[in-house]
Every structure is written in structure tokens, then in C-alpha cells.
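Protein chains in written order, with the working numbering: chain A, 7 to 121; chain B, 93 to 589.
Contents: one structure, followed by commentary.
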Amino acid sequence: MEMLLSLVIGGLYAAGFYLMLRRSLAKLIIGLSLLSNATNLLIFTAGGLTRAEPPLVPRGADRPTGPFADPLPQAMILTAIVIGFGVLAFALVLAYRAYQTTGSEDLDAMKETDR
Amino acid sequence: MRLLLIAPILIPFFAAVAALTAWRRRPLQRAFGIAGSVGLLLAAAGLFESVRHHGIQSVQIGHWPAPFGITLVADLFSAVMVLTAGVVGAAVAFYSLGSLDPERESFGYHPLVQILLMGVCGAFLTGDIFNLYVWFEVMLMASFVLLALGGERAQMEGALKYVTLNLISSALFLAAVGILYGVAGTLNMADLSRKLPEVPSGLVTTLAMLFLVAFGIKAAVFPLFFWLPASYHVPPVTVTALFSGLLTKVGVYALIRIFTLLFVHDTGYTHPLLLAIAGMTMVTGVLGAVAQIDFRRLLSFHIVSQIGYLLMGLGLFTPLALAGTVFFMVHVIFSKAALFLVSGVVCRIAGTYDLKKLGGLYRTAPGLSLLFLIPALSLAGMPPLSGFVAKLALIEAGLATAQYAVVAVALGVSILTLFSMMKIWTEAFWKNPPEPERPREEKSAAPRLLIAPISALAILIIILGLAAGPLMEIAAQAAEQLLHPEGYVESVLGGIQ
């Protein structure tokens, strides 16, 4: 399972960076979202995969008995998803406004400030 | 004492909320903005005094014991940074009253600045590395909107580059945090500092490099700095001053924090690398600056160059070098903010940032010329001013550890800094105006509201230079705490084993 997820994560990173290297504004945004999702999966995998072992404390005990899935990486991912969602929404609006003001979707056309 | 630690985060937060409720009512928003910034400055001063007298302090949010809950910690370095942020925040808040257009002010400028300040202070004070990520995002989100607020074409282009590069950096940072949790099982920085020695050293070095790239993008070090000169000159000058003073410095702060607290297992590999990066950053930044003819772009390249000096102290990794870095940090934040604010006044008087079209300002505005010279000469490292003391400490530390190459680079870059500051001086202030003076009435004087914050920063720069002895003592204490993280760990974890 780790191997499979690692491949998925690597593929997502590669696809994300590939899209960001294109000149299209829309692909840039899609690339960014792939990047943040790949990172979320990476946290999930790095935190250790445990199958069907919810971190529940049985009645009468003061800690979970036996192996249990670590809830902390999932809490982190949840935070990261929320932040990533907000940032992505902003990036979309920004890209749309940039498209409106520059009249182009080509990133190479946005070099006016670099001169 | 506990309230003092939380206050630098809560005060801007409440100010931002209050200002948001006063949407489109400019006077009210202004009042809340000023109240928040001044309140933050006072709280930061209180925190600084308290940390100076009682040592490192920490507070566990929600009473969750240390490695599990979120910890806020203030050692002397954090306290100095928060205080510096408070000063810059207050200066910019007053300056923006006189310089900002009504549209930007009514559409959320003041609450955004407060949120930015909250994020910055949170990043300085947190003792948990995932929480650091969250504060970075708070700060970035506010900075994204501040950069794009106004919707001019240049702003859109600059903001796109800035947002993209910062999101990549955040993704890398988050990935590094995830792997770090996977190998160490904790995210509390004090706890990490104890547990990382048990993790295989190669893995830790790899993680250190991931963090170096992530924070390196945010701090704008060589070869990752290209977004900065492409975006910092597009927003209104108050925003640029705030960014230049605080945002890249938070990146440097994070680098200093992790490379003194967490990744000290293999200083033979990591710290010479930092030193090499420092040298390259100084050189490329200043060479970029020499080639510029736009006032603000020139200053933007100087931000990059000065980051090199900060990293130099970290790379040398001796008490004197780190003390120099702490001192340099305060010096460069004040100087850079003052220079950007001056460039705003220049644009207000002459109507342009283009050095070729400027000229004759020494005749029309002699006071402003003096206010430019103080931070400019301080940045170049002229003796009675703050930059001299900071650079002296760094160079002495470099000589003591026989790192002659980086010392030579630092000295050479100082000369080039002086050269490009003098270029601004001759072009904008000294030479005759290129065309006959246009008859413009408002040309004569800059509003007092713009001059007062710059004067305050200039006076602080002079004080930093003149009171160098006692202030260097404080910087040395801060460096001592950074080099011996036992105190930090002890304060956070207490007796927990």
C-alpha cells in the first residue's frame, strides 16, 4: 500500500510541476492544486498507514488497546485541505482578474513589470 | 505574564475584526488600524521587557501539556522580532493615513494589515512547527490580498508570480512537516530538538534541505529570490515597506530557528552550505540592484542582498556571529522600511519612481534628503549608524572562524551597496532636474504624516548605532539562547521526560 501511494504521490507532483511549467494560466492553477493534494497524501502516507483500526478508547479503559491509526496526520491534513481550499479559491479569482486586466491567458504576456 | 505572550497575536486579531465590522467607514477603520498597531507595539515592548528580565517564557494553549498541545514560546530572539514588527507596523500604520487612496482604504486595507501583523507575530512566537505553517498561511493570505488590492495591471502580474512561488514553497514546507512527523512522531519544536538526535542522520539532513528550500523561497535567498524583485515594487509603497520589513524576515527567522534548534546534528555539512548561499545571495542581490534605474526595484534587490548578511551570521554559527545576525535583523528591518517610505514621499513630490526622471530633490526637500541619507548610509555600513555595528560583528566573527572568502564578499558587497545608494542620491537628490520644473503646487512639501514615521525610524537607526554597546549585549544574550537550546526546551517541556 505504501508503495502504491508513493507512486501516486510522485505522479501527482510530476503532473503538478509539468502543468506549472506550461504557459497557460489555467494550467498553472490546476498544477498548484495537484501540488497541494500530493502533499496531503504525502503527510497521510508518512504518518503511517493503519487499516481499519480506529483510534477509539474502549469503555472502562483510559487509552486505546492494541494498534490504532494515528489521528494526528489526519487532523493536519484536514487543516491543510481547508487552507489549501481557501488559497486555491483566491488564486482562481486572481487568475480571472489577471486575465481580465491583461486580456491574455499566456503567462509570457505578463512580463510588463520585469522590464 | 501569560497574557503578554498571547497579546501580540490577540491585539491585531481584535483590531482586524473590529475594522472588518466597520466596512467602508474609513475614519472608524483608520482608528481601529492605528489602535491595533499601537497596541501591538506596547504589548511587544512589554513582552520584550518581561523576557529580558525573567528569561524564556512559554504558555500552553488550552492547558494541553507540552508535546501535545500548541505551545507559544518567547525567547529573547522572538521578543526582539515581535518588538521590531510592532515598530514597523506602527510606523506604516501612521504613514498609510497620509498616503493611501480612499478606495484601497475602504476595501479592507486596515484589517488586512492587522491580519498580516497577527500572522507575523504568531510565526515569531509559536513553538510548534505545524502551527508555524498555519501562521505562515495566515500571513501569506493577507499579503496576497494586500498585493493585489487595487487591481492595477502591474499588481496582477506581480501578485501571480508572488502567489505561485509562495504556494510552491508552502507545499514543500508542508511536505517536510509531514515527513518530519513520520520520522520523529512529534511536531513540538522543543520536543523535536530532543528526539531528532535519535533519527538517522542522513534522513534528518534530507529534511533540513527540504526546509531550507521551503524557507529559502520565502526568505528570497539565492537561487530562489526571483519572485521578489518581480513583485515587491507593484503595490502601494506602504505595503512594500511592510513586506520588505516583515515577510522575508519571517522566512529568515524560521531558518534561524530550525538551524539552531532542530538541525544541528551535522553542522559540518549544513552550515557551510548556508554560508555559501549567504555569499551568493549578497553578490547577486547587489549586482541586480546596481543595474536598476527604478527607485523601488533597486531597493527590492537590496532586500535580497541584505538577506545574505543575515544568513552569513547563521552559517558562521558562533555566539558573536549570531549576535551580529540578531542586531543586523533589527537594523535592516528599520532601514529598509524607512527607505521604502522615503521612496513613497519622493514619488508623491516628483510623481515618478524612475531615477532618470527624478532630480533636484535636495534643493526642494532638504529634510527628506537627510531622511534618505540616514537609512541609506546605515545600510551601506557607515560608522555611527546601526549597519556599521552589525556588519562589524559579522565580519569579526568571520575573521575569528577564518572564513575569509565570505568576509571578503561581505566587504565588497558593502562597497557596492554604498555605490548604489549614492546612485540614488546623485540621481534623485543631487543632479539638476532633467526638464525644467513643472509648475506643480503640491510639489513643495510632503505632509507631516508621511515625514513623522520616517523620522521616527531614522532616529531609531541612529539610536541603534549610538547605543550599540548595551544593545549588542542583548543581541549576545539572544544568540546565547539560540546556541544553547536547553533553556528553550526546558521552558517548554518543564520537567516532562
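Built from N, CA and C at the ideal position, the CB exists for glycine as well.
DSSP places Q106 (chain A) in the helix class (H, G or I) of the three-state scheme. Inter-residue distance for A500 (chain B) and A20 (chain A) is about 41 Å (C-alpha atoms, whole angstroms). Sequence-distant Cβ neighbours of H357 (chain B) in its own chain, meaning closer than 7 Å and more than five residues away, are L288, P289, S293 and V296. In this chain, the beta strand (DSSP E) harbouring A166 (chain B) covers T163 to A166.
For K515 (chain B), the closest of B:S262, B:V313 and B:L447 by C-alpha to C-alpha distance is B:L447. When secondary structure is reduced to three states using DSSP, V151 (chain B) falls in the strand class. Secondary-structure assignment with DSSP links D112 (chain A) through a beta bridge to A:S30. Within the segment 36-70 of chain A, no complete alpha helix (DSSP H) segment of 4 residues or longer occurs.
Under the 10 Å beta carbon count, R29 (chain A) is surrounded by fewer than 16 other beta carbons and is classified as exposed. Under a criterion of Cβ atoms nearer than 8 Å, the residues of chain B adjacent to A104 (chain A) are, in order, M248, E249, A251 and L252. The contact set of S42 (chain A) on chain B, defined by CB atoms closer than 7 Å, consists of A263 in chain order.
Our two residues, V437 (chain B) and L463 (chain B), have alpha carbons roughly 11 Å apart in a direct line. Counting other Cβ atoms within 10 Å of its Cβ, T278 (chain B) reaches 16 or more and is therefore classed as buried. When the beta-carbon positions are compared, M248 (chain B) and A86 (chain A) stay at least 8 Å from each other. Using a Cβ-Cβ cut-off of 7 Å, A267 (chain B) is close to T45 and L48 of chain A, given in chain order. In the three-state scheme derived from DSSP, where H, G and I count as helix and E and B as strand, N280 (chain B) is classed as strand.
Between P411 (chain B) and A571 (chain B) a beta carbon distance of about 5 Å is seen, short of the 8 Å cut, so the two are scored as contacting. Burial of Y324 (chain B) is indicated by the presence of at least 16 other C-beta atoms within 10 angstroms of its C-beta. Taking 8 Å as the upper bound on Cβ-Cβ separation, chain B lies near residues M26 of the segment 11-29 of chain A.
Under the 8 Å criterion on CB atoms, M564 (chain B) is classed as non-interfacial with respect to chain A. Under the three-pair Cβ rule at 8 Å, the segment 163-173 of chain B does not count as touching the segment 95-104 of chain A. Rounded to whole angstroms, the separation of the alpha carbons of L132 (chain B) and A99 (chain B) is 8 Å. Under the three-state reduction of DSSP, T493 (chain B) is assigned to coil, being neither helix nor strand. Look at the segment 120-147 of chain B: it has no residue with a C-beta under 9 Å from a C-beta of chain A. The alpha carbon of A494 (chain B) has as its nearest neighbour, out of B:A413, B:H145, B:Y445 and B:T518, the alpha carbon of B:A413. Here the C-alpha atom of M233 (chain B) lies approximately 13 Å from the C-alpha atom of V99 (chain A). By the C-beta criterion, the segment 46-53 of chain A is judged to be in contact with the segment 267-277 of chain B, since at least 3 inter-stretch pairs fall below 8 Å. In the structure shown, the three-state DSSP call for T113 (chain B) is helix.
By the neighbour-count criterion, in which a residue is buried when 16 or more other Cβ atoms sit within 10 angstroms of its Cβ, E519 (chain B) is buried.
When DSSP states are grouped into helix, strand and coil, T256 (chain B) belongs to the helix group. Assignment of T444 (chain B) by DSSP, reduced to helix, strand and coil, places it in the coil class.
Look at the beta carbons and you see the segment 38-47 of chain A not touching the segment 64-73 of chain A: under three pairs across the two are nearer than 8 Å. At the C-beta level, L541 (chain B) and L189 (chain B) come within 8 Å of one another. Within 8 Å of the CB of Y273 (chain B), the CB atoms of chain A belong to I49, A52, G53, L78, P79 and M82, in sequence order along the chain. Using beta-carbon distances, E195 (chain B) does not count as an interface residue toward chain A, since no partner is under 8 Å. Here T218 (chain B) carries a strand assignment [DSSP, helix/strand/coil].
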